[in-house]
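In mature numbering (1 follows the signal peptide of the UniProt record, and there is no 0), the protein residues as written are -21 to -1, 1 to 499. Each residue gets a CB set at the ideal place from its N, CA and C atoms; glycine is no exception.
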Amino acid sequence: MRTFHPFLPLTAALLLGSLHATGCSDDSSAAADGPSGASDAGSRCQPSGGGPHWLLEGETVTFPVACATGLALAGDAFEVGPLPEGAAYDPTAREVTFSPGLDQAAVYDIEIRVAQTSEVGRVKVGVADAFADPSNVPVVDPARYPEEYGLPVLFLSPVPKDKEYAPATVIYRGHTYAAEAELRGESSLSYPKRSYTLKFPKDDKFNEPDEAGGFTDRRKVVLITTFDDNSYVRQRLAYDLWNRLDPEHIQVKTYSAVLYLDGEYAGLYTVADHIDGYLLEDHGYPQDGNLYKAVSHDANFALVGHSGEKKETLHDGFEKKEGAPEEGEPGAFSDLEDLVSFVAESDEATFAAEIGARIDLRDYEDWWIFVTFIMANDSAGKNSYHYRDPASDGVFRYAPWDFNASFGQSWETEREPASERVEYRDANLLFERLLEEPSIGDPLRARYGQVLRGAFAEAEIHAIVDGYVERIDASARRDEARWGAAYRGYEGWSGRDDFTTYEEEIAYLKAWISERWQHQ
C-alpha cells in the first residue's frame, strides 16, 4: 500500500514499505536474448524498488532494492542509476537513500539493472516542491514535474489579470502549449485563489489521456478554485452524479490537479470541461447552435423576475454564449423567449401535450432530480446552460454548472440541513409545471425514488467520495496548509463559528449524504 507523508519534519526519514512479490508499481523488462536460463521464470528477478515514492524537498526517502520474484541476489548484482544528486545506493544494505535539496523538485525515473538476468526495472520517485520553506527554489524545470503526490500538475504563466483572453504558456505533462487564459467567475473573483479558463490552439488541443476516463482534444478547459470548498470534491461529485444519472446527458468531465502560477504553488484545483460549442460538437451537436447561460435567478422561466417584478424581456437572467444572431442583435433570444412564454402562459392541456416537443424532457426532469437531491440551491434557477440547434428545429438540452453550493453548503459556505424538503418550485417555474402535470409529475417522483436506489444509492456515492480522497488526500492537505488561514479569514464567511478541517469536512459531507438519502 502506498503511504503519503507530506508533512513530516524536514529531518524525518521515510522508510517506505517492503516490496510485494508481484504487482509492483515500477516497470521491469528483460532482454529477449538474455543469458541462458534468463527466460525461465524461476531465474527471473524483476528488479524493483517498490513505489512510487513521494517526499518533500528536504525530507529523506529510503527504499529497498530486490527481486520482485523473490530470487535471492547479492547487493552488488544490482546496478542502480543514474542517481540524482543527494541519492546513493548501498549494495550491502541493498537500499537507496535520497535526500533532495530545495532545488530538486521533479519526478525521477530511476533504473535498476541486473546484468545476470539482462533485466531492467524502474522506480518512480517524486519530489514535491517545498513551497513553504523560506529558502525554497521554485520548480526548476516544469517539464520534469508532471505530477505531485500522484496528481497531474499544470503550470500557467503569466497569471491572468482580466476576464479577457490574453496569451499564456501552459506546461502540462511535459508538453508546452501556446495558449490563452482569462479569469472566470463572479463572486470568486474576490477570492485570493481564483478560477481560470484556458483556451488552446486548434492544432494543439489540451490532452489528458488518463484522468476522467480520458480528457482529450479540448479547446477550452476550466480551472475551478476549491477555495470555497474545503472538502475539495463538491464540484467533482456533482458533475459525476449528473453524468452517471444518464449517459445520454451532455457529459461534463472533471478531475483534480495541482496548479502553479508563474512558478508558485497555487494549490489543488478542479479541472473541468468548458461548456461551449466545442463541447457540444463533441456530443454530436452543431457548434453554432444557440447556447444560453442562466446567470441570475431571473432565469426562472416565468414572466416575473426573482423579485416578483415583471421582466423587461423574457430572456432576463440569460446570456447568449453561442449561435446567431449574437447577443445584442434582433432575434438573438427568440427561441429561448418562445420557450419561456410557453412555460409561463400555456394552459395545462397544451403544456402536457407540447412540452416534450420543445425540451428534452428527460434532461429537464433529471435536472430537477439532480439539484433536489444534492440541494444545489444556486443551480436550480440559474447556473445552467440551455442549448438548441435551430437549423434542425431541435429541442432544448440542459447542461449543469457551478456546484460550490451543494451537499450541505451554501455558496457562502454556510451549513445547509440535509433534512430540508426542497422542490425549487419558487426558483423555477418549469419545475413547478412539470411537477403539477400528473402525467409528468407522478412518474417523475416515482423515478426519483428509483434513482435513489440506483445511480444515487448511498453506498455508491460514498464509494465515489472515498475514491476521490484516496487520490487527493496528500494534495488537499498541502492546499489546506497554504490556504486554510485565508479560507477561515475570508470576509465573505469569516463570521462562521463552525469551520472544519479538510478531514472533518469530508466526514461532514459523507454524513450529510447519508442523512439526505434517508430524508428523501
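Inset, instruction - Please say whether residue 367 and residue 295 have beta carbons closer to each other than 8 Å? - result: no
Inset, instruction - Please list, in chain order, all residues of the same chain as residue 409 whose beta carbon is under 7 Å from its beta carbon, the five residues on each side excluded. - result: 280, 322, 343
Legend entry - Through-space distance from residue 105 to residue 175, alpha-carbon basis: So the two alpha carbons sit approximately 27 Å from each other.
Inset, instruction - With distances taken Cα to Cα, identify the nearest neighbour of residue 211 among 463, 198, 380. - result: 463
Inset, instruction - Kindly identify the DSSP beta-bridge partner or partners of residue 57. - result: 93
Inset, instruction - Starting from the C-beta of residue 111, find all residues in its chain whose C-beta is less than 8 Å away, skip the five residues before and the five after it, and write them out in chain order. - result: Closer than 8 Å at Cβ, skipping near neighbours: 460, 461.
Legend entry - Nearest-angstrom beta carbon gap, residue 298 and residue 274 [assumed within contact, 8 Å]: Indeed they touch by this definition, with Cβ atoms about 5 Å apart.
Inset, instruction - Just confirm the distance between the C-beta atoms of residue 382 and residue 217, as a whole number of angstroms; I'd bet it's less than 8 Å. - result: 4 Å
Legend entry - Distance between residue 227 and residue 376 (C-alpha atoms, nearest Å): 11 Å
Inset, instruction - Assuming residue 484 and residue 209 form a contact by the criterion Cβ under 8 Å, report the distance between their Cβ atoms to the nearest whole angstrom. - result: 5 Å
Legend entry - Residues sharing a beta bridge with residue 68, DSSP: Partner(s): 75.
Inset, instruction - Assuming residue 471 and residue 391 form a contact by the criterion Cβ under 8 Å, report the distance between their Cβ atoms to the nearest whole angstrom. - result: 6 Å
Inset, instruction - Let me know if residue 119 comes out buried or exposed under the rule of 16 or more other beta-carbons within 10 Å of its beta-carbon. - result: exposed
Inset, instruction - Identify whether residue 374 lies in helix, strand or coil by the three-state DSSP scheme. - result: coil
Legend entry - residue 288 to residue 312 span [Cα, whole Å]: 21 Å
Inset, instruction - Can you say whether residue 61 is buried or exposed, counting buried as having 16 or more other CB atoms within 10 angstroms of its CB? - result: exposed
Legend entry - residue 132 vs residue 239 beta-carbon contact at 8 Å: yes
Legend entry - Whole-angstrom distance between residue 358 and residue -11, CA atom to CA atom: With a pLDDT of 32 at residue -11, under the threshold of 50, the modelled position of this residue cannot be trusted, and the question is left open.
Legend entry - When 339, 328, 196, 365 are compared against residue 269, the one with the closest alpha-carbon: 365
Legend entry - Any 3 or more C-beta pairs closer than 8 Å across the region 68 to 78 and the region 146 to 164: no
Legend entry - Cβ contact check for the region 325 to 334 and the region 231 to 249: 3 or more pairs under 8 Å: no
Legend entry - Per-residue DSSP class, three states only, for residue 461: helix
Legend entry - Distance CB(residue 395)-CB(residue 388) smaller than 8 Å: yes
Inset, instruction - Have a look at residue 11 and residue 93 and give me their C-alpha separation to the nearest angstrom. - result: Residue placement at residue 11 is flagged as unreliable, the pLDDT there being 38, under the threshold of 50; the coordinate-derived value follows with that caveat. Going from the Cα of residue 11 to the Cα of residue 93 covers about 14 Å.
Inset, instruction - Please name the residue, chosen from 370, 252, 229, that lies closest to residue 214 on a Cα-to-Cα basis. - result: 252
Legend entry - Local Cβ density within 10 Å of residue 491, reported as buried at 16 or more and exposed below that: buried
Inset, instruction - Have a look at the DSSP bridge pairing and note the partners of residue 204. - result: 248
Inset, instruction - State the Cα-Cα distance for the pair residue 259 and residue 200, rounded to the nearest angstrom. - result: 14 Å
Legend entry - Inter-residue Cα distance where the pair is residue 17 and residue 46: A caution first: residue 17 carries a pLDDT of 41, below 50, which makes its placement in the model too unreliable to give a value.
Inset, instruction - Return yes when the Cβ of residue 360 is within less than 8 Å of the Cβ of residue 407, no when it is not. - result: yes
Legend entry - Backbone CA spacing between residue 303 and residue 267 [nearest angstrom]: 7 Å
Legend entry - Anticipated Cβ contact below 8 Å, residue 158 with residue 147, distance rounded: Their Cβ separation, rounded to whole angstroms, is 5 Å, which keeps residue 158 and residue 147 in contact under 8 Å.
Inset, instruction - Note down the Cα distance separating residue 418 from residue 196, rounded to an integer number of angstroms. - result: 42 Å
Legend entry - Opposing strand residues paired with residue 363 [DSSP bridges]: 273, 379
Inset, instruction - Going by CA-CA distance only, name the one from 234, 49, 39, 36 that's closest to residue 27. - result: 49
Legend entry - residue 33 in three-state terms, based on DSSP: In this structure, residue 33 counts as strand in the three-state DSSP scheme.
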